[in-house]
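Undergrad:
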Amino acid sequence: MANDNQSGDTSAEPHESSEFSPRQNAVLAVALSMLVDGGEKALTTAGLAKAANCSKESLYKWFGDRDGILAAIVVYQASKVRGVDERATPSTPEAFKTALTAFAEDLLAVLLSNTSLALNRLSIGQTPGESTRGDNPGLGAILVDKGKRRIEGRAIHLLTHGKRQRFIAFDDAATAYSTLYGLIIGDAHIRALLGDDPQINEDGQKAHAALAVDQFLTLHSIERF
Numbered sequence: 001m002a003n004d005n006q007s008g009d010t011s012a013e014p015h016e017s018s019e020f021s022p023r024q025n026a027v028l029a030v031a032l033s034m035l036v037d038g039g040e041k042a043l044t045t046a047g048l049a050k051a052a053n054c055s056k057e058s059l060y061k062w063f064g065d066r067d068g069i070l071a072a073i074v075v076y077q078a079s080k081v082r083g084v085d086e087r088a089t090p091s092t093p094e095a096f097k098t099a100l101t102a103f104a105e106d107l108l109a110v111l112l113s114n115t116s117l118a119l120n121r122l123s124i125g126q127t128p129g130e131s132t133r134g135d136n137p138g139l140g141a142i143l144v145d146k147g148k149r150r151i152e153g154r155a156i157h158l159l160t161h162g163k164r165q166r167f168i169a170f171d172d173a174a175t176a177y178s179t180l181y182g183l184i185i186g187d188a189h190i191r192a193l194l195g196d197d198p199q200i201n202e203d204g205q206k207a208h209a210a211l212a213v214d215q216f217l218t219l220h221s222i223e224r225f
């Protein structure tokens, strides 16, 4: 019998989306594994219910249809990027730098992870019009809407707070975020997608993230504006 009991501790574990319960996060982790291993066609509500030991009724209640599950998977993956909480209001320059560094570290870890690379490759591999008929936006549109834009929006919130507190200065928040993103990622993501070594291994990610944030803070220091 499917076990959908969610009693007990409902606090999200680190790197899990607080938008979902621990049980729902566990189901999404299974769904993500199915998607990465077998592609979009491998992810069905019946197959997920069996693999995650839950009922189809619970899946529909939690996430809606299959497109809703896909969207939730991307939200789950994007939630692994810390430092972009919409409630984040660091009160000192040091705390602000810490939040930016956490964001940079996690952005690198998530975008260069095997799961994110597989999701992006699946999206890129779709032929024009595939999985985009009717009301189905396709995996690429979901990745942009539920992944990229959510991360970008929360990061811009953090940057705007930093400007308000006079930790940094900039004319346009979106442009400032583009600069930060470029310093963090560079060409590492596209190289990884193409199978090339991005030359930022797991051990070097923290140092790379710290350097990117230092460069960003120098470019956007109050003294420069």
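So the sequence shown is numbered by the numbering used here: it starts at 1 and just counts up by one. Using N, Cα and C, we set each Cβ at its ideal position, and we do this for glycine too.
(1) Could you say which of R66, T45, F63 lies nearest to K56 if we only look at CA atoms?
(2) CB-CB under 7 angstroms to E105, same chain, minus the five flanking residues each way: which ones, in chain order?
(3) Can you tell me which of G47, L48, A71, K163 puts its alpha carbon nearest to the alpha carbon of E19?
(4) Return helix, strand or coil for I156, following the three-state DSSP convention.
(5) Answer yes or no: do L139 and S123 have a C-beta to C-beta separation smaller than 7 angstroms?
(6) In whole angstroms, what is the alpha-carbon distance linking A212 and G39?
(7) Can you tell me the Cα-Cα spacing of S79 and K148, whole angstroms?
(8) By DSSP, does S123 sit in helix, in strand, or in coil?
(9) Would you call the CB atoms of V75 and K146 closer than 7 angstroms?
(10) What number of angstroms, rounded off, separates the C-alpha of A192 from the C-alpha of L112?
(11) Can you tell me where the alpha helix (DSSP H) with T92 in it begins and where it stops?
(12) Taking its Cβ as the centre, do 16 or more other Cβ atoms sit within 10 Å of K41, making it buried, or is it exposed?
(13) Hey, out of R224, K97, H157, T98, whose CA is closest to A169's CA?
(14) Would you kindly work out how many angstroms separate the C-alpha atoms of I142 and L28, rounded to a whole number?
(15) What's the call for E130, buried or exposed, on a 16-neighbour Cβ count within 10 Å?
(16) Rounded to whole angstroms, what's the CA-CA distance from D214 to H220? Just pull it up for me.
(17) Check each candidate in A118, Y181, T160, I184 and name the one with the smallest Cα separation from G195.
(18) On the criterion of 16 or more Cβ atoms from any shown chain inside 10 Å, does K61 qualify as buried, or is it exposed?
(19) Can you grab the Cα-Cα spacing for the pair G64 / M34, in whole Å?
(20) Give me the Cα-Cα distance between Y177 and H157, rounded to the nearest whole angstrom.
(21) Does the Cβ-Cβ distance between F229 and G162 come in under 7 angstroms?
(22) Tell me the residue span of the alpha helix (DSSP H) that contains G39.
(23) Report the rounded CA-to-CA distance for A188 versus Y181, giving the unit in angstroms.
TA: Taking the geometry as given:
(1) Your numbering for residue 56 matches position 56 in the sequence shown. The candidate whose alpha carbon is nearest that of K56 is T45.
(2) Here residue 105 refers to the residue found at position 105 when the sequence shown is read from its first residue. Cβ within range, chain order: Q205, K206, A209.
(3) For the purposes of this step, residue 19 is taken as residue 19 along the sequence shown, with counting starting at 1. The residue with the shortest Cα to Cα distance from E19 is A71.
(4) In the sequence shown, the residue the question calls residue 156 occupies position 156. Helix, per DSSP.
(5) Counting from 1 along the sequence shown, the entry for residue 139 is found at position 139. Counting from 1 along the sequence shown, the entry for residue 123 is found at position 123. Their beta carbons are under 7 angstroms apart, which means L139 touches S123 by this criterion.
(6) The residue given as residue 212 occupies position 212 in the sequence shown. The residue given as residue 39 occupies position 39 in the sequence shown. Roughly 34 angstroms separates the two Cα atoms.
(7) Mapped onto the sequence shown, residue 79 falls at position 79. Mapped onto the sequence shown, residue 148 falls at position 148. For S79 and K148, the distance between alpha carbons rounds to 11 angstroms.
(8) Within the sequence shown, residue 123 is the residue found at index 123, counting from 1. Three-state result, S123: helix.
(9) On the sequence shown, residue 75 is found 75 positions in, with the first residue counted as 1. On the sequence shown, residue 146 is found 146 positions in, with the first residue counted as 1. Yes, Cβ-Cβ distance for V75 and K146 is below 7 angstroms.
(10) Here the question's residue 192 lines up with position 192 in the sequence shown. Here the question's residue 112 lines up with position 112 in the sequence shown. Rounded to whole angstroms, A192 to L112 spans 7 angstroms at the Cα level.
(11) Counted from its first residue, the sequence shown places residue 92 at position 92. Per DSSP, T92 belongs to no alpha helix (DSSP H) and is neither H nor E.
(12) As a first step, residue 41 is located in the sequence shown; it is residue number 41 there, counting from the start. By the 10 Å Cβ count, K41 comes out exposed.
(13) Reading the sequence shown from its first residue, position 169 is the one you call residue 169. Of R224, K97, H157, T98, the residue nearest in Cα terms is R224.
(14) Within the sequence shown, residue 142 is the residue found at index 142, counting from 1. Within the sequence shown, residue 28 is the residue found at index 28, counting from 1. Cα to Cα, I142 sits roughly 15 angstroms from L28.
(15) As a working mapping, residue 130 is identified with position 130 in the sequence shown. The predicted model places E130 with a pLDDT of 49, which falls under 50 and marks its position as unreliable; any figure quoted below should be read in that light. Classification of E130: exposed, given that the 10 Å Cβ count is below 16.
(16) One-based indexing of the sequence shown puts residue 214 at position 214. One-based indexing of the sequence shown puts residue 220 at position 220. Each residue's alpha carbon lies about 10 angstroms from the other.
(17) If you number the sequence shown from 1, residue 195 lands on position 195. The candidate whose alpha carbon is nearest that of G195 is A118.
(18) Counting from 1 along the sequence shown, the entry for residue 61 is found at position 61. Classified as exposed, K61 has fewer than 16 neighbouring CB atoms from the shown chains inside 10 Å of its CB.
(19) Within the sequence shown, numbered from 1, the residue matching residue 64 stands at position 64. Within the sequence shown, numbered from 1, the residue matching residue 34 stands at position 34. Approximately 18 angstroms, taken between the alpha carbons.
(20) Taking the sequence shown and counting its residues from 1, the one referred to as residue 177 is at position 177. Taking the sequence shown and counting its residues from 1, the one referred to as residue 157 is at position 157. Straight-line Cα distance between these residues: approximately 10 angstroms.
(21) The question about residue 229 has no answer, for the chain in this structure spans 1 to 225.
(22) Position 39 of the sequence shown holds residue 39. It is not in any alpha helix (DSSP H) - G39 carries neither H nor E in the DSSP assignment.
(23) Residue numbering aside, residue 188 sits at position 188 when the sequence shown is read from its first letter. Residue numbering aside, residue 181 sits at position 181 when the sequence shown is read from its first letter. Approximately 11 angstroms between the Cα atoms of the pair.
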